[in-house]
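Numbering of the sequence shown is given in our numbering, commencing with residue 91 and proceeding in unit increments.
C-beta: ideal position from N, C-alpha, C; glycine also.
Remember, predicted model here, so these are calculated numbers, not experimental data.
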Amino acid sequence: MFDFLLKINDKEEPKLSDHLTQICLSDESGVTDDELSLSFVYDASLSLPKIDDAIALAFGPSKELIEWRSYKITEIEISESILNIRAYASAGIAELKIVRLVHWKITIAAIVHKIAKRAGCDCVVDERFLKDEIKIVQDESDLSFLHRLASKYSAILKINDKKIVFVSLSYQGLARFKLELLFPYRWQKRKKVTGVKAFYWNEEKKRQAHIIVGDDEMLASLPGSYASLKKAKERASARLMELKRQDEILHITIPCSKEFNTAKNSSGSEFDVSGYSHFIDGLWFVKRVEHRMSPHQGLEAEIELLKLGV
Numbered sequence: 091m092f093d094f095l096l097k098i099n100d101k102e103e104p105k106l107s108d109h110l111t112q113i114c115l116s117d118e119s120g121v122t123d124d125e126l127s128l129s130f131v132y133d134a135s136l137s138l139p140k141i142d143d144a145i146a147l148a149f150g151p152s153k154e155l156i157e158w159r160s161y162k163i164t165e166i167e168i169s170e171s172i173l174n175i176r177a178y179a180s181a182g183i184a185e186l187k188i189v190r191l192v193h194w195k196i197t198i199a200a201i202v203h204k205i206a207k208r209a210g211c212d213c214v215v216d217e218r219f220l221k222d223e224i225k226i227v228q229d230e231s232d233l234s235f236l237h238r239l240a241s242k243y244s245a246i247l248k249i250n251d252k253k254i255v256f257v258s259l260s261y262q263g264l265a266r267f268k269l270e271l272l273f274p275y276r277w278q279k280r281k282k283v284t285g286v287k288a289f290y291w292n293e294e295k296k297r298q299a300h301i302i303v304g305d306d307e308m309l310a311s312l313p314g315s316y317a318s319l320k321k322a323k324e325r326a327s328a329r330l331m332e333l334k335r336q337d338e339i340l341h342i343t344i345p346c347s348k349e350f351n352t353a354k355n356s357s358g359s360e361f362d363v364s365g366y367s368h369f370i371d372g373l374w375f376v377k378r379v380e381h382r383m384s385p386h387q388g389l390e391a392e393i394e395l396l397k398l399g400v
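Quick look at the structure:
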């Protein structure tokens, strides 16, 4: 049996929870803002939340509710007898929405720390992003810029509860789950990126140059420019390894159960899959999770995974 509990501004709302009919919680690593969409049977006895209220949701098996962080309500709609609420994870951090023009010439870790400090957020960045200085122009909001950085550098980006997490796929703090039960799945393989181009400053010739690691049959480029050929080669090599891990995608739909509480699963975690087939079994990275609940299908998670390992 599944259960749900809603909090509005940290206050439990059992009556609102009782009217809940549909959940859609989209949790994606480093591309879009996490979104919570809820539908309720509306009647006049319900106390409506307000725009900009903080909403938190706990869901899962009755004795193992998992609380998902706080989201800020941006949209409320009533259509006939249905109340729809939409909320976003980072909407409560107004400083991240300000558009800025900044010419950055520091490490990625330093960029993330500066943005977090300006927004009054805690920050977690792993060692990989402490090494290389990059040159990059920001002409957008900090939120959009962080999403762009995460996409370009294959980082896991999470923004919620006044905390910014910006870590690599190899970060040791990632949660790992075993998946041994068989569920409906869809597997796809696409052509691998064969090379990566990186730009650097050639001190001897006093001009920008580039290096290609791998071959140029299917080429990806790194943004910005590095201070030396050595740094450009190191980052291009690392990026090529990351891209080679992303040529396989697994989509799997898992119903929530006592044996497998999908409410625990979030983007950035890892799945150790076994018992499927030789080309699917192995370690996968969770890129996106969409938690859904409806009266017809119950609670389930649609999970998109990228294969780890070359």
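Should A184 go down as buried or exposed, given a rule of 16 or more other Cβ atoms within 10 Å for buried? Locating residue 184 in the sequence shown gives position 94, counting from the first residue. A184 comes out exposed.
Check D117 in the structure and name its three-state DSSP category. Position 27 of the sequence shown, counting from 1, holds the residue named residue 117. Of the three classes helix, strand and coil, the one that applies to D117 here is strand, per DSSP.
Looking only at DSSP bridge pairs, what is S58 linked to? No answer is possible for residue 58: it lies beyond the span of the chain, which begins at 91 and ends at 400.
Would you kindly report the start and end of the unbroken alpha helix (DSSP H) that includes D407? Given that the chain is displayed from residue 91 to residue 400, the structure contains no residue 407 and the question cannot be resolved.
Locate the alpha helix (DSSP H) running through S356, then write down its first and last residues. Here residue 356 is taken as the residue at index 266 of the sequence shown, counted from 1. Here S356 belongs to no alpha helix (DSSP H), and DSSP marks it neither H nor E.
Let me check understanding here. Comparing Cα to Cα, which of P104, E102, S234 and E125 lies closest to R378? Along the sequence shown, one-based indexing puts residue 378 at 288. Nearest C-alpha to R378: E125.
Taking the C-alpha atoms as reference points, what is the distance between A265 and S258? The residue labelled residue 265 in the question sits at position 175 within the sequence shown. The residue labelled residue 258 in the question sits at position 168 within the sequence shown. Straight-line Cα distance between these residues: approximately 13 Å.
Alpha-carbon to alpha-carbon, E380 and I342: For this step, residue 342 is matched to residue 252 along the sequence shown. For this step, residue 380 is matched to residue 290 along the sequence shown. Approximately 11 Å between the Cα atoms of the pair.
For the region 163-177 against the region 126-137, are there 3 or more C-beta pairs whose distance is under 8 Å? yes
To the nearest angstrom, report how far apart E483 and A391 are at their CA atoms. This structure cannot speak to residue 483, because the chain is shown only from 91 to 400.
Which whole runs of the beta strand (DSSP E) in the region 287-342 are 3 residues long or more, in chain order? 297-304 and 309-316
Can you tell me which of the three DSSP states A245 falls into? For the purposes of this step, residue 245 is taken as residue 155 along the sequence shown, with counting starting at 1. In the structure shown, A245 sits in a strand (DSSP, three-state: E or B).
Do you know whose CA, among K225, D216, D371 and F267, lies nearest I246's CA? If you number the sequence shown from 1, residue 246 lands on position 156. Measuring from the Cα of I246, the nearest candidate turns out to be D216.
So, is D47 buried or exposed, given that buried needs 16 or more other C-beta atoms within 10 angstroms? The question about residue 47 has no answer here: the residues shown for the chain are numbered 91 through 400.
When we look at the beta-carbon of S180 and count the other beta-carbons within 10 Å, is it buried (16 or more) or exposed? The residue given as residue 180 occupies position 90 in the sequence shown. Buried, since its Cβ has 16 or more Cβ neighbours within 10 Å.
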